[in-house]
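K.L.:
Okay, handing you the structure first.
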Amino acid sequence: MKLIQTKDYDDMSRKAANIISAQVILKPDSVLGLATGSTPIGTYKKLIEWYQKGDLDFSDVRTVNLDEYKGLTKENDQSYYYFMNENLFKHINIDLTKTNIPDGTEEDAKKECDRYNHVIESMGGIDLQLLGLGNNGHIGFNEPCDTFDKLTHCVTLTQSTIDANARFFEKIEDVPRYAYTMGIGQIMSAKKVLVVVNGKGKAEILKKVIEGPVTPFVPASILQFHPDVTIVADEEAASLLT
Ligand code: F6R
Numbered sequence: 011m012k013l014i015q016t017k018d019y020d021d022m023s024r025k026a027a028n029i030i031s032a033q034v035i036l037k038p039d040s041v042l043g044l045a046t047g048s049t050p051i052g053t054y055k056k057l058i059e060w061y062q063k064g065d066l067d068f069s070d071v072r073t074v075n076l077d078e079y080k081g082l083t084k085e086n087d088q089s090y091y092y093f094m095n096e097n098l099f100k101h102i103n104i105d106l107t108k109t110n111i112p113d114g115t116e117e118d119a120k121k122e123c124d125r126y127n128h129v130i131e132s133m134g135g136i137d138l139q140l141l142g143l144g145n146n147g148h149i150g151f152n153e154p155c156d157t158f159d160k161l162t163h164c165v166t167l168t169q170s171t172i173d174a175n176a177r178f179f180e181k182i183e184d185v186p187r188y189a190y191t192m193g194i195g196q197i198m199s200a201k202k203v204l205v206v207v208n209g210k211g212k213a214e215i216l217k218k219v220i221e222g223p224v225t226p227f228v229p230a231s232i233l234q235f236h237p238d239v240t241i242v243a244d245e246e247a248a249s250l251l252t
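Okay, so the sequence shown: first residue is 11 according to the working numbering, each after it adds one.
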């Protein structure tokens, strides 16, 4: 695992965006695996800024998002579909038909998971997967449990994740209880993985991810076995690393 330590969130965002830019410049039809959540917002802002300056072209880029809440429509401002449009897609020249996000409105979990597995497979592999890190070590919505799930599946969110995500909803009862997520096997199959982590609140879990044992109880710890992982962490998040 390669660790890039940055002085703050802005610096983390710029460095992560530089890595994504290099990927898109070197391979304009890259398949990018994308994440939502607070952490990558600054990274997406930089990419938008550089696109607007004329430095980046996303017209051939294809994307596949990690996850989506089950039960939220695309118009719901808490859906990850909405998030991706607001925070990235509508500001760049990406072809929306080349973007993929699990369909939160599909009630038949098996049907949606099969469809999404097929989408990922048909793209021929993810070139660069961007990840945030959950407070409990989750990546995508692969929550701590006793096994690593390989493929897309429907998860019951843990109370810790529901509590962490409640900040985006009016009431905690509005936070969906289920989500579709790419599996750990699919994340591990990405050619490169880029993890962005910031803030004191993530310091303990980042230490476990990098220095602790590999265990499905800290899902991101599996990244220790990936051959090409870059973690871009700000000073606060990296503060407990030895
Ligand atoms: C989002 C996702 C999640 C988040 C994680 C961290 O698509 O897959 O794993 O990356 O919950 O979220 P933030 O960045 O809000 O702390």
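Glycine included, each C-beta is placed from N, C-alpha and C at the ideal position.
1) In angstroms with no decimal places, state the Cα-to-Cα distance between ASN28 and ASP173.
2) Could you tell me the alpha carbon to alpha carbon distance between GLU116 and THR252, rounded to whole angstroms?
3) Which residue from GLU153, MET94, LEU233 and ALA247 puts its Cα closest to that of ILE215?
4) Which residues in the same chain have their Cβ closer than 8 angstroms to the Cβ of GLY195, if we skip the five residues on either side of it in sequence?
5) How many Å lie between ASN103 and SER69 at the Cα?
6) My parser needs the alpha helix (DSSP H) runs of 4 or more residues fully inside the region 36 to 89; what are they?
7) When burial is assigned at 16 or more other CB atoms within 10 Å of the CB, is PHE235 buried or exposed?
8) Does the Cβ of ALA45 lie closer than 7 angstroms to at least one heavy atom of the ligand F6R?
9) Please confirm whether any heavy atom of the ligand F6R lies closer than 7 angstroms to the CB of TYR19.
10) For the 8 angstroms Cβ check, are there 3 or more pairs between the region 95 to 110 and the region 164 to 173?
11) Does the Cβ of LEU76 have 16 or more other Cβ atoms within 10 Å, making it buried, or fewer, making it exposed?
12) Taking 7 angstroms as the cut-off, does the CB of GLY135 come closer than this to any heavy atom belonging to the ligand F6R?
13) Assign GLU131 to buried or exposed, taking buried as 16 or more other Cβ atoms, counted over all protein chains shown, within 10 Å of its Cβ.
14) LEU42 to GLU78, Cα distance in whole Å?
15) Determine the contact status of PRO154 and ASN146, defining contact as a CB-CB distance below 8 angstroms.
16) What does DSSP give as the partner residues of ILE136 in its beta bridges?
17) Mind checking LEU57: buried by the 16 CB within 10 Å criterion, or exposed?
P.N.:
Based on what the coordinates show:
1) 32 angstroms
2) 45 angstroms
3) ALA247
4) Only residues of its own chain outside the window of five on either side were considered, and among them PHE158, ASP159, LYS160 and LEU161 have a CB closer than 8 angstroms to the CB of GLY195, listed in chain order.
5) 6 angstroms
6) 51 to 62
7) exposed
8) yes
9) It does not: the Cβ of TYR19 is nowhere closer than 7 angstroms to a heavy atom of the ligand F6R.
10) no
11) buried
12) no
13) exposed
14) In a straight line, the C-alpha of LEU42 is about 16 angstroms away from that of GLU78.
15) In contact: PRO154 and ASN146 (Cβ atoms closer than 8 angstroms).
16) Looking at the DSSP assignment, ILE136 forms no beta bridge with any residue, so it has no partner.
17) buried
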